[in-house]
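**Q** Just so you know, our numbering puts 928 at position 237 of the sequence shown, and the rest follows in order with no gaps.
Even for Gly, the Cβ is constructed at its ideal location relative to N, Cα and C.
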Amino acid sequence: MSGAEGAAFGAAANNNNQPAMSGAAGYAATRDSFDHSNLYSPGWHGDNQGAWAAPRWQANAAYNNSTHAAVAAHCGYNAGAAVSYGYGDNVNYENEAVVVNGQVVGSAPAFSQQAADLANTGRNTETTPADEWLPLGVFALVPSEGQQPQLTVQLAINKQGILRGNYTELVSDHTQLIHGMVNKETQRAAWTVGDTEAFYMEAGLKNLTAGDAPVLIHRRGRTERWVLVTLPQPQSGSNAPDGTGTGN
Numbered sequence: 692m693s694g695a696e697g698a699a700f701g702a703a704a705n706n707n708n709q710p711a712m713s714g715a716a717g718y719a720a721t722r723d724s725f726d727h728s729n730l731y732s733p734g735w736h737g738d739n740q741g742a743w744a745a746p747r748w749q750a751n752a753a754y755n756n757s758t759h760a761a762v763a764a765h766c767g768y769n770a771g772a773a774v775s776y777g778y779g780d781n782v783n784y785e786n787e788a789v790v791v792n793g794q795v796v797g798s799a800p801a802f803s804q805q806a807a808d809l810a811n812t813g814r815n816t817e818t819t820p821a822d823e824w825l826p827l828g829v830f831a832l833v834p835s836e837g838q839q840p841q842l843t844v845q846l847a848i849n850k851q852g853i854l855r856g857n858y859t860e861l862v863s864d865h866t867q868l869i870h871g872m873v874n875k876e877t878q879r880a881a882w883t884v885g886d887t888e889a890f891y892m893e894a895g896l897k898n899l900t901a902g903d904a905p906v907l908i909h910r911r912g913r914t915e916r917w918v919l920v921t922l923p924q925p926q927s928g929s930n931a932p933d934g935t936g937t938g939n
């Protein structure tokens with residue numbers, strides 16, 4: 692792990708822009724500034740045939756932020772064993788080691804490699820049209836709370852803990868596929884973005900299901916801490932099933 696990666700675990704956390712506001716007010720400001728109500732709708736998928744979509748989902752189901760209890764039941768996880776991964780809070784980088792809840796869990800390079808391996812295991816695991824997908828939600832990906840989103844992450848999980856979804860650049864409407872996995876024991880989630888194994892993210896499943904989550908972005912040998920802010924389901928749009936995808 693580079694010095695930049697280590698800094699991602701600290702309180703400063705490599706955020707280049709200071710938020711105009713933080714906490715609940717910051718999350719609300721990010722949500723309020725989101726103005727792409729058509730995103731991941733049936734019409735949007737019609738225009739973006741290469742994007743991932745779960746078969747048999749109703750319109751805008753992607754925005755449903757499933758609870759941790761629902762995900763645990765869906766995947767057979769121990770709901771009582773959920774771990775929060777608050778990077779810079781209860782997860783820190785100290786003396787070239789990663790400390791979670793006061794306990795050393797390994798070296799910084801090993802911790803990062805675990806996320807890469809987890810993401811790529813999910814990437815290389817085949818799924819089928821028969822898989823049952825539970826939405827984890829649609830999130831704005833921002834350097835810090837209070838900022839207007841320019842990137843979104845949409846995630847879903849099947850019964851085997853495999854993650855699929857979309858990473859969308861809102862200005863260009865360019866979408867890349869997400870592939871990943873959740874570790875059943877640690878409930879740590881990691882996923883790749885696009886066609887390269889060198890661009891991946893990680894977050895805690897408990898944090899994702901709480902609605903807003905810190906996330907580590909690993910790219911080009913650097914790691915930065917950003918924030919995933921859950922976005923509400925659009926009020927407008929068709930009620931037709933969003934069932935054009937294969938779920939693969």
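Our contact map puts GLU787 next to ALA801 with C-beta atoms below 8 Å; I'd like the distance itself, whole angstroms only.
**A** Going by Cβ atoms, the distance from GLU787 to ALA801 rounds to 10 Å, so no, they are not a contact pair.
**Q** Does DSSP put TRP735 in a helix, a strand or coil?
**A** Helix.
**Q** So what's PHE725 in DSSP terms, helix, strand or just coil?
**A** Residue state, collapsed to three classes: coil.
**Q** Would a C-beta distance cut-off of 8 Å place VAL918 and PRO905 closer than the cut-off?
**A** The answer is yes: Cβ separation under 8 Å.
**Q** Is VAL789 buried or exposed, if buried means 16 or more other CB atoms sit within 10 Å of its CB?
**A** With 16 or more other Cβ atoms within 10 Å, it is buried.
**Q** Between which two residues does the beta strand (DSSP E) harbouring VAL833 extend?
**A** Where VAL833 is concerned, the enclosing beta strand (DSSP E) stretches over 825-833.
**Q** Can you tell me whether TYR768 is helix, strand or coil according to DSSP?
**A** Coil.
**Q** Count Cβ pairs between the stretch 846-856 and the stretch 868-878 that sit closer than 8 Å; are there 3 or more?
**A** The stretch 846-856 is in contact with the stretch 868-878.
**Q** Quick one: what does DSSP say VAL792 is sitting in, helix, strand or coil?
**A** The question names Val, but residue 792 is Asn in the sequence shown. In the structure shown, ASN792 sits in coil (DSSP, three-state: anything other than H, G, I, E or B).
**Q** What three-state label does DSSP hand THR900 in the structure shown?
**A** Helix.
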